[in-house]
Structure formats: C-alpha cells, structure tokens
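Under the numbering used here, the letters of the sequence shown match residues 10 to 61, in that order.
Note that CB positions come from ideal geometry on N, CA and C, so glycine has one too.
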Amino acid sequence: IRNVAEALPLTKVVILLRDLWFGFGWNQSAIVMLGVLLIAATMISIRTFRWE
C-alpha cells in the first residue's frame, strides 16, 4: 500500500506541508511532482473539455 500511496498527489501535498510546518524548507521533489501533475492535468483538460 505504501508504494501506491507514494504515487498519489495528496501524499506529495502532505509531505510538502509537513516539511514547511516543521521548518525543513521546501521539498523539491514534492514541488516538481505537483508541478508535473498540474501541467499534465491542464493539458488533458484543454484537449478534452468542450463547451456544448
């Protein structure tokens, strides 16, 4: 289950917020993964969404 959870976007958000809360700074891997997910979701929505 841990391997599946690592692939979920919410896990990266929790890691990012946890590191910021405890003063560890910005977690670069979490930022990159969330950025990639944001770009991918935006591209998919641009290609598939149509006003009818």
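Enclosing alpha helix (DSSP H) for residue i [first to last residue]
i, result
"L25", "18-30"
"I40", "37-57"
C-beta contact flag for residue i and residue j at 9 Å
i, j, result
"M42", "K21", "yes"
"L25", "I48", "no"
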